[in-house]
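*Asks:*
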Amino acid sequence: MALEQGHHKIAIQHAEEGLSLMVPLHAERVRLYCILIRAYFAEDKFDMAERFFKLATDALDHHLGRSHPLHITVYGIMAYLLAPAPGAGGKFDDAMYLYKSSILVCLKTLGPNHVQTAHVHMDFAQFYLKWEKPDLALSHFEQAFVIYKTYFTHK
């Protein structure tokens, strides 16, 4: 809650306290790492955010493998943080790499028609719109639409 309310220092404190109670590489640490990624990024402590991103992906790799769907969430958080609009200091190539990695994990583990795959296509499309690449955005919006249409009409 502290993170959502913009109390980054409190979020960092509570997340680090939680981590101190867990064994290293425990899979549950990933949730706290994601909080720390966002909080440190908001505090402009990018090295710390990247450190916790690495710890999160290492824990997932160790327990669940390199293609587990939880990677999609961690990649998505970091990509979103790295991708502010041009001129705002965004890291286009790094964010694009993470979105592409998310799509690959989706396709490999969930399949091309899974609703999570549609969500990643939507995120990727929004990313391309921020970077004024509407033709690339349209492609991802279309792919998401096809998945959503199938998903919601068969429920």
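581 is the number that this note's numbering gives to position 6 of the sequence shown; each next residue is one higher, with no gaps. Yeah, the Cβ is synthetic: ideal placement off N, Cα and C, and Gly gets one too. Because the structure is a prediction, the values reported are computed rather than measured.
Which residues mark the beginning and the end of the alpha helix (DSSP H) in which Gly-593 is found?
*Replies:* 583–595
*Asks:* Can you tell me whether DSSP reads Gln-580 as helix, strand or coil?
*Replies:* coil
*Asks:* Hey, would you say Ile-652 sits closer than 8 Å to Cys-681, going by beta carbons?
*Replies:* no
*Asks:* So, does the CB of Val-680 fall closer than 8 Å to a CB anywhere in chain B?
*Replies:* The structure shown has no chain B; it contains just one protein chain.
*Asks:* Pair every Cβ in the segment 597–611 with every Cβ in the segment 623–632, then say whether three or more of these pairs are closer than 8 Å.
*Replies:* Contact between the segment 597–611 and the segment 623–632 is present, because at least three Cβ pairs lie under 8 Å.
*Asks:* Which one of His-583, His-694, Lys-708 has the shortest CA to CA distance from Asp-619?
*Replies:* His-583
*Asks:* Suppose you measure from the CA of Thr-632 to the CA of Leu-645; what does that come to, to the nearest Å?
*Replies:* 9 Å
*Asks:* Any heavy atom of the ligand GTP closer than 7 Å to the beta-carbon of Gly-640?
*Replies:* Because no ligand of any kind appears in the structure shown, any question about the ligand GTP cannot be addressed here.
*Asks:* Can you have a look at Asp-698 and say buried or exposed, based on whether 16 or more other CB atoms are within 10 angstroms of its CB?
*Replies:* buried
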